[in-house]
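Novice: Residue 874 in this note's numbering sits at position 48 of the sequence shown; the count goes up by one each step and never skips.
Built from N, CA and C at the ideal position, the CB exists for glycine as well.
Let me begin by handing over the structure; questions about it come next.
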Amino acid sequence: MRTVKGGYILFDKKLFSSRVRFLRNQKGISQSELAIAVGATSKAFICDIERETRTTTLEKAVALADFFDVSLDYLVGRSDDPKRG
């Protein structure tokens, strides 16, 4: 579900989860490898994001966007354009 404040979409948890899973699979890496790459303490971090049972900090969301070389807006569902501005 999208969180809306003042007409702006802040976060789409379902889309965020599916994009993390899609991008991870596209790179052909495991949840453990991704967790290490973004400085998470365990594979469970990525697993929980992909199952929509966990959100993340801004710091980790930025790390994920940087790792996948996509915009943060794309990753959190505010844009359908993965390109960075």
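When the distance is taken between beta carbons, is Arg880 closer than 8 Å to Ser897?
Specialist: In the sequence shown, residue 897 corresponds to position 71, counting from 1. In the sequence shown, residue 880 corresponds to position 54, counting from 1. No, the Cβ-Cβ distance between Ser897 and Arg880 is not below 8 Å.
Novice: Under a Cβ-count criterion, where at least 16 other Cβ atoms within 10 Å of its own Cβ denotes burial, should Arg845 be classed as buried or exposed?
Specialist: Along the sequence shown, one-based indexing puts residue 845 at 19. Buried, by the Cβ-count rule.
Novice: Thinking just about the alpha-carbon of each residue, which of Leu884, Asp895, Arg904, Thr883 is nearest to the one in Arg850?
Specialist: On the sequence shown, residue 850 is found 24 positions in, with the first residue counted as 1. Here the closest residue by C-alpha is Asp895.
Novice: Do you know how far the Cα of Glu876 is from the Cα of Met827?
Specialist: If you number the sequence shown from 1, residue 827 lands on position 1. If you number the sequence shown from 1, residue 876 lands on position 50. Confidence at Met827 is low in this model, with a pLDDT of 43, below 50, so its placement is unreliable and the value that follows should be read with caution. Those two C-alpha atoms are separated by around 15 Å.
Novice: Determine, using beta carbons only, whether Phe842 and Leu901 come nearer to each other than 8 Å.
Specialist: To locate residue 842, count along the sequence shown from 1; it is residue 16. To locate residue 901, count along the sequence shown from 1; it is residue 75. Yes.
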